[in-house]
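So for the sequence shown, the numbering used here puts the first residue at 277; every next one is plus one.
Every residue gets a Cβ at the ideal spot worked out from N, C-alpha and C, and that includes glycine.
Here is the structure we will look at.
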Amino acid sequence: MTLSADEYRDHLETTAVRAGFAFGGVVLPSEHDVSVGKLRFRYLDWGTKGQRPILFLHGGALTAHTWDLCCLALRDEFHCIALDQRGHGDSDWAPDADYSIGAQREDIRGFADRLGLDRFVLVGQSMGAINGLAFAAARPERLSALVMIDAGPEVRRRGSSRIREFVNGGAKPETLEEIIERALAFNPRRDRQILRRSLMHNLRRQPDGSWSWKYDRRRFQPLDHDTHLAERRRLADNLANVTCPVLVVRGAESDVFHQEDAERLAKNFPHGRQIIIEQAGHTVQGDNPKDLVAALREFLG
Numbered sequence: 277m278t279l280s281a282d283e284y285r286d287h288l289e290t291t292a293v294r295a296g297f298a299f300g301g302v303v304l305p306s307e308h309d310v311s312v313g314k315l316r317f318r319y320l321d322w323g324t325k326g327q328r329p330i331l332f333l334h335g336g337a338l339t340a341h342t343w344d345l346c347c348l349a350l351r352d353e354f355h356c357i358a359l360d361q362r363g364h365g366d367s368d369w370a371p372d373a374d375y376s377i378g379a380q381r382e383d384i385r386g387f388a389d390r391l392g393l394d395r396f397v398l399v400g401q402s403m404g405a406i407n408g409l410a411f412a413a414a415r416p417e418r419l420s421a422l423v424m425i426d427a428g429p430e431v432r433r434r435g436s437s438r439i440r441e442f443v444n445g446g447a448k449p450e451t452l453e454e455i456i457e458r459a460l461a462f463n464p465r466r467d468r469q470i471l472r473r474s475l476m477h478n479l480r481r482q483p484d485g486s487w488s489w490k491y492d493r494r495r496f497q498p499l500d501h502d503t504h505l506a507e508r509r510r511l512a513d514n515l516a517n518v519t520c521p522v523l524v525v526r527g528a529e530s531d532v533f534h535q536e537d538a539e540r541l542a543k544n545f546p547h548g549r550q551i552i553i554e555q556a557g558h559t560v561q562g563d564n565p566k567d568l569v570a571a572l573r574e575f576l577g
């Protein structure tokens, strides 16, 4: 990470207070690498092994750190693990640019096997939710519950196009201020000073002093995007395979995942429920982590 341990702890304390959490103390996660197939994956372990495990999967262009406040809030009750998925954060990029749902589904299987997670809860947002759904449909016996945040087989083109424009923007290295301005224009719900520090987990500093994002842009190319959408729609035929309880979460202000799509998705699972998180857009865990944590606690019992 670019932040020092002290800066990271201070950042978590500040963001926790702003989000409405009251923690007795901030415990930092441990960082680990594990090889799955030919790729090396970075993950954050928030401790409390022996508790019910939750695997958190971030959305496209994000990293495991998007779950920091959720994991910090839940770490006393669950064994929280957040993964940098292939092509993101400090995990390897796929040398063949294979970012298919099938490849990422197998990453989840291999990662869970390496960590000895025989049965666990999977929480995913956007891309992470779709990868989690693919895993749940293929290996339903491995999950005790699935939480899908602001994503489903159907996608609204306007909202998804806006996201693609943002992640494909800034192809050339940028100054930190340029990145902050673009990020605030994309999501004005965020606080500038908090955003400045949280972006440190998503950026690499180049030798010339400019900054670049920690994700493989090939993941977001138009041809791959169309293939990805076709894969997503095929998942709709396998919803009945998901036998565990499923919570479908939608950000009330999301332009990516509409309410009728969320309701339809939840109804098509054998054991599905749907909720709305107010004061949140597509990135629910960043916009309103406190209400999301409350919903997770209630759902997971």
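query, result
"Residue environment, V525, which counts as buried when at least 16 other CB atoms sit within 10 Å", "buried"
"Distance between D372 and F317 (C-alpha atoms, nearest Å)", "16 Å"
"Nearest-angstrom Cα separation, counted from T559 out to E417", "28 Å"
"Distance CB(W650)-CB(E450) smaller than 7 Å", "Because residue 650 is not part of the residues shown, which for the chain are 277 to 577, the question remains open."
"Per-residue burial, D383 [other beta carbons within 10 Å of its own, 16 or more giving buried]", "buried"
"Cβ-based burial, A506 [other Cβ within 10 Å; buried from 16]", "exposed"
"Proximal residues to A516 (C-beta, below 7 Å), its chain only, five neighbours per side dropped", "P546"
"Contact belief for C356 with I330 at Cβ below 8 Å, rounded distance in angstroms", "5 Å"
"DSSP three-state assignment for S420, whether helix, strand or coil", "strand"
"N- and C-terminal bounds of the alpha helix (DSSP H) containing L393", "Looking at the DSSP string, L393 is not in any alpha helix (DSSP H), and its letter there is neither H nor E."
"With 16 other Cβ atoms within 10 Å as the buried cut-off, status of P464", "exposed"
"Helix, strand or coil at Q482 [DSSP, three-state]", "coil"
"Test item: CB-CB of K566 and G296 under 7 Å", "yes"
"Paired residues, beta bridge with V522 - DSSP", "L422 and G548"
"DSSP three-state assignment for R415, whether helix, strand or coil", "coil"
"Top-ranked residue by Cα proximity to G408, from G313, V518 and D513", "V518"
"Inter-stretch contact (C-beta, 8 Å, three-pair minimum) for the region 354-370 and the region 333-344", "yes"
"Buried or exposed by the 16-neighbour rule on C-beta atoms within 10 Å, applied to D426", "buried"
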